[in-house]
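Just so we're aligned: the sequence shown equals residues 40 to 207 in the working numbering. Worksheet: the structure to be examined is printed underneath.
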Amino acid sequence: MNITTLISAKEISNRVSELGQDISNDYQGTVILISVLKGSICFMADLLRSIDSDVTIEFISISSYKGAMKGHISLHDNSIEDIQGKHVILVEDIVDSGRTLSFLIELLSKKNPKSIDVCTLLDKPARREVEIPLSYIGFEIDDYFVVGYGLDVNQKYRNLPYIGYIEQ
Ligand code: IMP
Ligand code: MG
Numbered sequence: 040m041n042i043t044t045l046i047s048a049k050e051i052s053n054r055v056s057e058l059g060q061d062i063s064n065d066y067q068g069t070v071i072l073i074s075v076l077k078g079s080i081c082f083m084a085d086l087l088r089s090i091d092s093d094v095t096i097e098f099i100s101i102s103s104y105k106g107a108m109k110g111h112i113s114l115h116d117n118s119i120e121d122i123q124g125k126h127v128i129l130v131e132d133i134v135d136s137g138r139t140l141s142f143l144i145e146l147l148s149k150k151n152p153k154s155i156d157v158c159t160l161l162d163k164p165a166r167r168e169v170e171i172p173l174s175y176i177g178f179e180i181d182d183y184f185v186v187g188y189g190l191d192v193n194q195k196y197r198n199l200p201y202i203g204y205i206e207q
C-alpha cells in the first residue's frame, strides 16, 4: 500500500510542543489528561512531555463502529479515578463525526469535573455530525482517511512516525 505523507514527524513535534505550552499556560493547578485509546497513544506520550505544569494521566478505551453498527459506541474500560472538582482534558487522535467525544463528554460530565476540555491532534470538520467544542486542535485536515502516529487502519500503521493517507 502506498502512503503519502500529510504531516511530517517534525511538523507534528513542533505543533505538539505548542499545544503543550498552551495547556501549561491555561491551567493553574493540576490537570488530568485522559487519553482515548488506542489512537491517541503517541500524541498523549508527546503532549504529556511538553506540559510543564502539574499533570496526571488516565486512559479510557472505546470503539466506535462503522458500517452496519454505525453510531454504536462501546466502552471497554471506565476505571478512571475520581475526577470530581478537577480539570480534565480529553486527549484524542482525531475528531471525525464527533460521536465518540460527544459520548465521552456526556459520560464524564456525570462525574462532576470542574471543567472538560478537548485536545485533539487532528480535526476533520467535513464529516462532523455532532458539534463538539474543541479547545486545542493540532491540525485541521481535509476528508482523508489518515494513518500513522497512533492512527490505524485495521490496527495497522500505528507505528509510522508521520501522518499520511493511503493512496487508492
Ligand atoms: P468519531 O466518533 O466519528 O469522531 O470518530 C472518532 C474515531 O474514529 C477516532 O478517535 C479514530 O479512532 C477513528 N477515526 C476517524 N477518522 C479516522 C482516520 O482518518 N484514520 C484513523 N482513524 C480514524
Ligand atoms: Mg480515537
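Where is the CB? At the ideal position from N, CA and C, for every residue including glycine. These numbers were taken from a predicted model, which means no experiment stands behind them.
Same chain only: Cβ atoms within 8 Å of residue i, ignoring 5 sequence neighbours per side
i	result
Ile96	Ile71, Leu72, Ile73, Ser74, Met83 and Leu87
Lys77	Ser100, Gly189, Asp191 and Arg197
Tyr175	Leu58, Asp61, Ile62, Ile128, Asp156, Val157, Cys158 and Thr159
Cα-Cα separation between residue i and residue j, rounded to whole angstroms
i	j	result
Val185	Cys158	18 Å
Tyr204	Ser141	26 Å
Pro164	Val134	8 Å
Arg54	Ile180	14 Å
Asn59	Thr139	Here the sequence assigns Gly to residue 59, which means Asn is not the residue at that position. Cα to Cα, Gly59 sits roughly 23 Å from Thr139.
Asn193	Ser102	12 Å
Pro200	Glu131	17 Å
Leu147	Ile171	14 Å
Ser52	Ser79	14 Å
Lys125	Asp85	22 Å
Ser92	Gln67	8 Å
Cβ-heavy atom distance, residue i to the ligand IMP, below 7 Å
i	result
Leu173	no
Ile133	yes
Val186	yes
Leu140	yes
Lys125	no
Asp162	no
Ser100	no
Leu190	yes
Gly78	yes
Own chain partners of residue i with C-beta closer than 7 Å, once the 5 adjacent residues on each side are dropped
i	result
Ser136	Arg166, Arg167, Glu168 and Val169
Thr43	Gly203, Tyr204 and Glu206
Met173	Checking the displayed sequence, the identity of residue 173 turns out to be Leu instead of Met. Closer than 7 Å at Cβ, skipping near neighbours: Val134, Val157, Thr159 and Asp162.
Ile222	The first residue shown for the chain is 40 and the last is 207, placing residue 222 beyond what the model contains.
Distance cut-off 7 Å: residue i Cβ against heavy atoms of the ligand MG
i	result
Gly177	no
Gly137	no
Val75	yes
Close Cβ partners of residue i (< 6 Å) along its chain, the five nearest in sequence each way excluded
i	result
Ile202	Leu45, Ile46, Val185, Gly187 and Tyr188
Phe98	Ser74 and Leu76
Ile90	Gly59, Ile62 and Ser63
Tyr183	Tyr204
CB contact below 8 Å: residue i versus chain B
i	result
Glu168	Given the protein chain composition of this structure (a single chain), no chain B is represented.
The ligand GTP heavy atom lying under 7 Å from the CB of residue i
i	result
Gly203	Ligands present in the displayed structure are limited to the ligand IMP and the ligand MG, and the ligand GTP is not among them.
Runs of beta strand (DSSP E) wholly within the segment 46 to 124 (minimum 3 residues, chain order):
Runs of the beta strand (DSSP E) inside the segment 46 to 124: 70 to 76, 94 to 103 and 112 to 116.
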